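Chemist:
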Amino acid sequence: MIKQLIEKIKQTGAPVVVGLDPKLAFIPEQIQKKSFAEYGETLEGAADAIWQFNKGIVDAIWQFNREIIDKTYDLIPAVKPQIAMYEQFGLPGLAAFQKTCAYCREKGLIVIGDVKRGDIGSTSESYAIAHLGKITVGSHSYAPFAED
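For the sequence shown, this note's numbering begins at 485 and goes up steadily by one.
As structure tokens, this is what we get:
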């Protein structure tokens, strides 16, 4: 992987990585509403909203992550999706993480999974929500993995 990354850096001339750290609170309301209309205010609805936000066009609006990927994949060597931001939505969130990684690979990007533990505040908070707390989706709260 390191050899591939070095080659991509040489090809693009850009020793940078784009971080993909979605949080439901930052996803535009119209995307959340569309996903909630299809899946309800559930973990599946939240994960779909994150996936829609990452992959792209919803109601003719190009959204943040896919737009960044689509506009930079030929300029950058790699992306770094932060798994905690997906993991806080349980298995549906992990499915959205997987879809995001697959889309990035389709674009020829190296995908560096940001899966470390003991991270900065927002990431640690997302891990805690995923495994110890509850996530609010619309007007409902869920314990994604519900460990004791």
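Where a beta carbon is used, it is the ideal one built from N, C-alpha and C, also for glycine.
The model shown is predicted, which means the values in this text are computed figures rather than measured ones.
Once DSSP output is grouped into helix, strand and coil, what is the label at threonine 620?
Modeler: Strand, per DSSP.
Chemist: Give the straight-line distance between the Cα atoms of glycine 524 and glutamate 590, rounded to the nearest whole angstrom.
Modeler: Each residue's alpha carbon lies about 30 Å from the other.
Chemist: Buried or exposed: which applies to aspartate 558, given that a residue is buried once 16 or more other Cβ atoms fall within 10 Å of its Cβ?
Modeler: Answer is exposed; the Cβ neighbour count stays below 16.
Chemist: From this set, Glu571, Tyr626, Thr584, Val621, which residue's C-alpha is nearest serine 610's C-alpha?
Modeler: With distances taken between Cα atoms, serine 610 lies closest to Glu571.
Chemist: Tell me the residue span of the alpha helix (DSSP H) that contains glycine 605.
Modeler: First-last of the alpha helix (DSSP H) with glycine 605: 605 to 615.
Chemist: Restricting to Cα atoms, I'd like to know which of Ala531, Thr556, Met569 is closest to isoleucine 604.
Modeler: Here the closest residue by C-alpha is Met569.
Chemist: Can you give the beta carbon distance from isoleucine 567 to aspartate 598, rounded, assuming they're within the 8 Å contact cut?
Modeler: That belief holds up - the Cβ atoms of isoleucine 567 and aspartate 598 are roughly 6 Å apart, short of 8 Å.
Chemist: Is the beta carbon of proline 628 closer than 8 Å to that of alanine 614?
Modeler: A contact, by the Cβ cut-off of 8 Å.
Chemist: How far does the beta strand (DSSP E) with lysine 564 in it extend, from its first residue to its last?
Modeler: Per DSSP, lysine 564 belongs to the beta strand (DSSP E) from 562 to 565.
Chemist: Short of 8 Å in beta carbon distance, which residues of its chain neighbour leucine 527, apart from the five on each side in sequence? Order them along the chain.
Modeler: For leucine 527, where only same-chain residues beyond five positions count, the Cβ hits under 8 Å are Phe573, Gly574, Leu575, Pro576, Gly577, Ile619, Val621, Tyr626, Pro628.
Chemist: With DSSP as the reference, label tyrosine 570 as helix, strand or coil.
Modeler: In the structure shown, tyrosine 570 sits in a helix (DSSP, three-state: H, G or I).
Chemist: Check this for me: beta carbons of phenylalanine 520 and glycine 529, under 8 Å apart or not?
Modeler: Yes, Cβ-Cβ distance for phenylalanine 520 and glycine 529 is below 8 Å.
Chemist: Where DSSP assigns a beta bridge to glycine 503, which residues make up the other side?
Modeler: Lys564, per the DSSP bridge assignment.
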